[in-house]
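Residue numbers (the working numbering): 633 to 973. The beta-carbon is built from N, C-alpha and C at its ideal position, and this holds for glycine as well. Here the structure comes first, spelled out in structure tokens, and everything after it is commentary.
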Amino acid sequence: MSAATMRDVAQLAGVSVKTVSNVVNRAPHVTDATAQKVQAAIAQLGYRMNFAARSLSLGRTGMITLAVPQLSLPYFAELCDDVIQAAARRGYTVLLEQTGGQHQHELGVLTSDRRRMTDGLIFSPIGLREEDAEHLAVRFPMVLLGERPLNPTLEHVAMENRAGARAVTEHLLELGRRRIAVVGTYDTGETGAGYLRTSGYLDALEAWGVEREPVLRGTATAWDLENGARAIREVLERCRAAGTTIDAVFALNDALALGAIRELLDQGLRVPGDIAVAGFDDIKEAGFASPRLTTVDPGRKEIARRAVDLLLGQILDPGGEHPSGTVSPPFTLRARESTLG
């Protein structure tokens, strides 16, 4: 028995071959009722698409690229998983690239021959700067992630870094904490998550009339467990030398926060009894740590979904209007044991 064809599906469903093609290729403007009829006919006939022929006829591969700085960081690992799931729901496969946040590697992502292997790019650059904007004027579908819009002509999905950081700092202030250390600061200029989250922390202190103190700032260019422990250790050493102390920590990401908690416990301090600790990102480990970590959920799953939807909008409707600008899903404060006890 010969394999079913698209024409067979169209005849059984009572629609045109073009309609079957639209359903299979997830084109916009197909009604749910029509899609259900076609899918039922596909299932009944056991129709399988010839993906090689589809790619040739459509000029598309059914794959997209996701380029992120570092897969060893939990946030980016979980973001990749969310993007893969969001793309799979739309019938697309994701090719991952790790840039290390290195300037030349990020530029290479935009010009590599590998771009021909996929239909578009979701790109989270941290090494590129404003002067690189011209390199982002590409001729293929692309959506930016991260804090820097870099090129105003592109679609960009960001998180509410500053507002989220202010909210979690105010949570600590509402609990009566006044000497709040911040861990993870570094000089990035007026861009980047480090600057924005530190700014949100300072906004909260100013609104509450709490003095900002340089001694309470712990620097860390790499946001990992080891640097979280080291940074809070240095803050505690400076405080002891100055004859003072801290009663809370806001770490600029969850890995830093978890590293800081380990160091505090090793020094015989209670969390949150002596020092409350909060982070940012709501990675999976945050809800399983001991104590469970208070953090900011930046809406990562929604960020992934919107990025995929925007990119596929460009891919499936290349001649359409795709307004540039930044969209930012809402964040959620997750108050847990590390601040509440």
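Whole-Å CB distance - residue i paired with residue j, under 8 Å assumed
i	j	result
Gly841	Glu866	The pair is not a contact, with the Cβ atoms about 27 Å apart (cut-off 8 Å).
Arg809	Ala880	4 Å
Val800	Phe912	7 Å
Ala883	Gly860	6 Å
Glu917	Pro706	6 Å
Thr666	Val647	6 Å
Glu843	Ile864	So it is not a contact: roughly 20 Å between Cβ atoms.
Ala673	Ala645	4 Å
His803	Ala892	Not confirmed; about 17 Å, so no contact.
Arg722	Val903	At roughly 42 Å, the Cβ-Cβ gap does not stay under 8 Å, so Arg722 and Val903 are not in contact.
Arg862	Asp835	With a Cβ gap of about 26 Å, Arg862 and Asp835 do not count as contacting.
Leu943	Pro773	6 Å
Neighbour-count burial assignment, residue i, 16 or more Cβ in a 10 Å radius
i	result
Pro1014	There is simply no residue 1014 to check, as the chain begins at 633 and stops at 973 in what is shown.
Lys669	buried
Leu742	buried
Val726	buried
Ser970	buried
Asp751	buried
Thr830	buried
Thr876	exposed
Thr785	exposed
Glu869	exposed
Arg937	buried
Ala635	exposed
Leu972	exposed
Thr651	buried
Ile935	buried
Thr964	exposed
Ala594	Outside the displayed range of the chain (633 to 973) lies residue 594, so it cannot be described from this structure.
Leu688	Any reading at Leu688 needs caution, since the residue's pLDDT is 46, under 50, leaving its predicted position unreliable; the model's value is listed next. Exposed, because fewer than 16 other Cβ atoms sit within 10 Å of the Cβ of Leu688.
Thr731	buried
Leu753	buried
Leu828	buried
Leu857	buried
Ala684	Any reading at Ala684 must be qualified, since the residue scores a pLDDT of 48, below 50, and its modelled position is unreliable; the value itself is stated next. Classification for Ala684: exposed.
Leu728	exposed
Pro961	buried
Ala908	buried
Thr926	buried
Gly816	buried
Ser956	exposed
Strand pairing of residue i, partner residues [DSSP]
i	result
Ile812	Ala880
Ala910	Phe882 and Thr926
Phe1056	No answer is possible for residue 1056: the residues shown for the chain start at 633 and end at 973.
Glu792	According to DSSP, Glu792 bridges with nothing at all.
Arg849	Val814
Met749	None, per the DSSP bridge assignment.
Thr697	Leu727 and Leu753
Arg966	Thr927
Val959	Val789
Leu776	Phe755 and His788
Reference residue i, options the options, closest by Cα
i	options	result
Ala889	Val814, Gly952, Pro962 and His954	Val814
Leu837	Gly973, Ile812, Ala675 and Gln736	Ile812
Leu807	Gln643, Ala645 and Ala967	Ala967
Trp855	Arg798, Asp886, Val700 and Gly951	Asp886
Thr958	Leu805, His788, Gly816 and Ile893	His788
Val847	Arg872, Glu858, Tyr827 and Arg862	Arg872
Ala675	Phe772, Arg924, Met638 and Gln899	Met638
Leu948	Val655, Gly900 and Leu897	Val655
Arg771	Leu828, Arg748 and Gln899	Arg748
Gly678	Thr926, Val641 and Arg692	Val641
Tyr833	Leu805, Glu766 and Thr853	Leu805
Gly733	Ile716, Arg722, Tyr724 and Ser704	Ser704
Asn783	Asp764, Cys712, Ile878 and Gln717	Asp764
Asp914	Glu858, Arg746 and Leu711	Leu711
Tyr818	Leu828, Glu845, Thr853 and Ala839	Thr853
Arg692	Thr663, Pro961, Pro950 and Ser960	Pro950
Residue-level contact to chain B via CB, residue i, 8 Å cutoff
i	result
Ala967	Among the chains in the structure shown there is no chain B, since it carries only a single protein chain.
heavy atom of the ligand NAD below 7 Å from residue i C-beta
i	result
Val655	This structure lacks the ligand NAD, and indeed carries no ligand of any kind.
- Task: Say whether the stretch 752-767 touches the stretch 775-783, bearing in mind that this needs 3 or more beta-carbon pairs closer than 8 Å, one atom from each stretch.
- Result: yes
- Touching or not, the stretch 926-942 and the stretch 792-799, by the rule of three or more beta carbon pairs under 8 Å? yes
- Okay, do the stretch 693-706 and the stretch 730-744 touch, 3+ Cβ pairs below 8 Å being the bar? yes
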